[in-house]
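Its first residue numbered 134, the sequence shown is counted upward by one per residue in our numbering. All remarks here apply to the structure that follows.
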Amino acid sequence: MKYDTIIFDFDGTLADTQEGVTKGFQKGLAAFGVEETLENI
Numbered sequence: 134m135k136y137d138t139i140i141f142d143f144d145g146t147l148a149d150t151q152e153g154v155t156k157g158f159q160k161g162l163a164a165f166g167v168e169e170t171l172e173n174i
């Protein structure tokens, strides 16, 4: 059987993305003047 597309799930399966996601939220909040620690996000 030939496949045209291969889809990978990287969210927690092959890579731990928690740090990148929380840092993204932190930067987004900072853009609106909200300073928050990573531990509280």
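We treat Cβ as the ideally placed atom computed from N, Cα and C, and that holds for glycine. Values in this document were obtained by computation on a predicted structure and should not be read as measured data.
{"query": "According to DSSP, residues forming a beta bridge with Ala96", "result": "Here the chain comprises residues numbered 134 to 174, so residue 96 is not present and cannot be evaluated."}
{"query": "Distance cut-off 7 Å: Lys160 Cβ against heavy atoms of the ligand FAD", "result": "No copy of the ligand FAD occurs in the structure displayed, which carries no ligand at all."}
{"query": "DSSP bridge partner residues for Asp144 (one or two, in chain order)", "result": "Ala148"}
{"query": "Sub-8 Å separation of Glu152 and Gln159 beta-carbons", "result": "no"}
{"query": "Neighbourhood of Ile140 by C-beta distance below 7 Å, restricted to the same chain and skipping five residues each side", "result": "none"}
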